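Everything below concerns the one structure shown next.
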Amino acid sequence: MTPSPRFVRGRILSFRDDPRLVGERAASLIEDGAIRIEDGQVAAVGEARAILAHAPPDAAIDDHAGKLVMPGFIDAHIHYPQTRVIGSYGAQLLDWLQKYTFVEEQKFADPAHCEAVARFFLDELARQGTTTAVVYCTVHPESVEAFFAESERRGARMIAGKVMMDRNAPPLLRDTAQRGYDESKALIARWAGRGRLGYAITPRFAVTSSEAQLAAAGALAREHRDAYVQTHLSENFAEIAFVKRQFPWAKTYLDVYARFGLLGARSLFGHCLHLEETEVAALARSDSIAAFCPTSNLFLGSGLFDKQRLDEANVRVALATDVGGGTSYSMLQTAAEAYKVLQMNGQSWPGFQAFYQMTLGNARALGLQSRIGTIEPGREADLVVLDSRATPAMAHRMESHDGDLSEELFVLMTMGDDRAVAQTYVAGRGVKGG
Ligand SMILES: [Zn+2]
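Letter by letter, the sequence shown follows residues 535 to 968 in the working numbering.
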């Protein structure tokens, strides 16, 4: 028995390709469209008239007239244990870690705490229209267990991993090279590829790992080709100087990761702000991904991401919140801040490019474009429904809107946040209450 299908009606917007390369024809909009969802997947999409003509008489139809229905947002870099650190005053990266983050992360030795925070975090992502995220847990395997168990219960597509740290962190947050390897290996065996879950091997950054630990992370990456690698790179000048002191043989920061086999098409490097030319070239050569985290880079005073430089060098880029260094869970607000960062460097970022990046662009960065990031038959039915008139100020602004879609998207990202997210669907199920 197949369960009866669900129908979602609205203005269906999905990207076919990168607007930076192919222009406005990258976007596909059906003004009065509908999606037929079966078993958590898109079974059909098209004009509402045609799709709904085949609806059974008792079919569930969610009518989002006038609102945009898009693929759910994808956040390429976020820390779930930092939900109570967000908005911590007055520090740059290394002090911020010591003063706030490393204190908070120690609480994740307690599985009950992990479970409670995982529930809050996944609720919040759903409220913001984010349906997939690449997530740092803490050094405690319990934090990963709790996160994956809760994600699985919700049927959400999530990628996460245990932080590996064996030096320059408080004793209670340290593993060892061997323990970090063993615990990561056991978590991969238990969770990687289970349902919609993926694993990311997660040495936090070169500052907090010994050479033995980075070698262990590289061994894990070789032994598990489907796993991702996530870490931080070139965020802050004090951090870069520290790494160069700690690894005197390395010509650049990225050299440290390269030496241990951590570059590649499934490797995500958070920040990438102050790169040397050879680092840009090495990221491009290895197909590695640079995660652009604008609210975090501004909040911690780290620097301005040079997207044009990376685009021109053919480095793959993803967009991310980096909560709790980042200050918003909202991918809309993150895109707005990305636009401002690029403005400071004389670079542009139209609405089409931003919404492409949050959906298909980030899906491609993760190699998941055959599963998520677009609305077409066979894709998983992760969707966000957006209201461009969600607040009085947005409705007022939209009164002067002349129907141009790129402009509407730009207003949505500049003025929108969770209030503009009318509904979120995870595998075809509406998850934003009310
Ligand atoms: Zn981060």
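Cβ atoms here follow ideal geometry from the backbone N, Cα and C, with glycine treated the same way.
Source: prediction; values computed, not measured.
Alpha-carbon spacing of residue i relative to residue j, whole angstroms
{"i": "SER836", "j": "GLY880", "result": "18 Å"}
{"i": "LYS719", "j": "ALA726", "result": "10 Å"}
{"i": "TRP783", "j": "ARG793", "result": "10 Å"}
{"i": "PHE839", "j": "ALA824", "result": "10 Å"}
{"i": "PHE541", "j": "GLN640", "result": "45 Å"}
{"i": "LEU656", "j": "ASP938", "result": "33 Å"}
{"i": "ALA956", "j": "VAL673", "result": "36 Å"}
{"i": "ALA954", "j": "GLY962", "result": "20 Å"}
{"i": "TYR623", "j": "VAL777", "result": "25 Å"}
{"i": "ALA652", "j": "CYS671", "result": "10 Å"}
{"i": "LYS633", "j": "MET932", "result": "43 Å"}
{"i": "LEU894", "j": "PRO591", "result": "34 Å"}
{"i": "VAL965", "j": "ILE564", "result": "24 Å"}
{"i": "SER743", "j": "ILE595", "result": "52 Å"}
{"i": "ASP629", "j": "SER862", "result": "21 Å"}
{"i": "ALA703", "j": "PRO645", "result": "21 Å"}
{"i": "ARG570", "j": "ARG583", "result": "12 Å"}
{"i": "HIS647", "j": "ASP760", "result": "30 Å"}
{"i": "PRO926", "j": "GLY860", "result": "27 Å"}
{"i": "GLU679", "j": "ARG730", "result": "15 Å"}
{"i": "ARG850", "j": "HIS935", "result": "33 Å"}
{"i": "ALA750", "j": "ARG819", "result": "23 Å"}
{"i": "LYS696", "j": "ILE620", "result": "20 Å"}
{"i": "ALA847", "j": "VAL814", "result": "7 Å"}
{"i": "ALA753", "j": "ARG800", "result": "15 Å"}
{"i": "ALA643", "j": "ARG898", "result": "34 Å"}
{"i": "ALA870", "j": "ALA578", "result": "32 Å"}
{"i": "TYR614", "j": "LEU917", "result": "22 Å"}
{"i": "LEU946", "j": "ASP700", "result": "43 Å"}
{"i": "ALA667", "j": "GLU558", "result": "27 Å"}
{"i": "ASP709", "j": "ARG779", "result": "22 Å"}
{"i": "ARG691", "j": "GLY907", "result": "12 Å"}
Residue i beta carbon near ligand 1 (any heavy atom closer than 7 Å)
{"i": "ASP609", "result": "no"}
Residue burial classification, residue i (beta-carbon count within 10 angstroms, cutoff 16)
{"i": "VAL556", "result": "exposed"}
{"i": "ALA816", "result": "buried"}
{"i": "ARG545", "result": "buried"}
{"i": "HIS758", "result": "buried"}
{"i": "HIS930", "result": "exposed"}
{"i": "ASN770", "result": "buried"}
{"i": "SER538", "result": "exposed"}
{"i": "HIS611", "result": "buried"}
{"i": "PRO675", "result": "buried"}
{"i": "THR786", "result": "buried"}
{"i": "GLN712", "result": "exposed"}
{"i": "HIS805", "result": "buried"}
{"i": "ARG543", "result": "buried"}
{"i": "LEU706", "result": "exposed"}
CB contact check: residue i to chain B, cutoff 8 Å
{"i": "ALA847", "result": "Chain labels in this structure do not include chain B; a single protein chain is all it has."}
Review point. Which runs of the beta strand (DSSP E) spanning at least 3 residues fall entirely within the segment 596-659, listed in chain order?
Key: Counting whole runs of 3 or more residues, the segment 596-659 contains the beta strand (DSSP E) stretches 607-613.
Review point. At what residue ranges does the segment 933-965 contain a whole run of the alpha helix (DSSP H), taking only runs of 4 or more?
Key: Taken in chain order, the unbroken stretches of alpha helix (DSSP H) that lie wholly in the segment 933-965 and span 4 residues or more are 939-949.
Review point. Hey, which residues come within less than 5 Å of ligand 1, measuring from Cβ to any heavy atom, in chain order?
Key: Listed along the chain, these residues meet the criterion: GLY804 and ASP856.
Exercise for review: Tell me the start and end of each unbroken beta strand (DSSP E) in the segment 680-756 that is at least 3 residues and wholly inside, in chain order.
Suggested key: Qualifying beta strand (DSSP E) stretches, in chain order: 692-695 and 731-737.
Check your understanding: Which ranges would you report for the alpha helix (DSSP H) in the segment 863-928 if only whole runs of at least 4 residues count?
Key -> The alpha helix (DSSP H) runs lying completely inside the segment 863-928 and spanning 4 residues or more are 865-878, 885-890 and 896-899, given in chain order.
Review point. Along the chain, which unbroken stretches of the beta strand (DSSP E) at least 3 residues long are found entirely within the segment 772-834?
Key: Every beta strand (DSSP E) stretch that sits fully inside the segment 772-834 and reaches 3 residues is listed by chain position as 801-805 and 823-826.
Check your understanding: In chain order, which continuous runs of the alpha helix (DSSP H) of length 4 or greater are located wholly inside the segment 535-574?
Key -> DSSP runs (the alpha helix (DSSP H)) wholly in the segment 535-574: 553-556.
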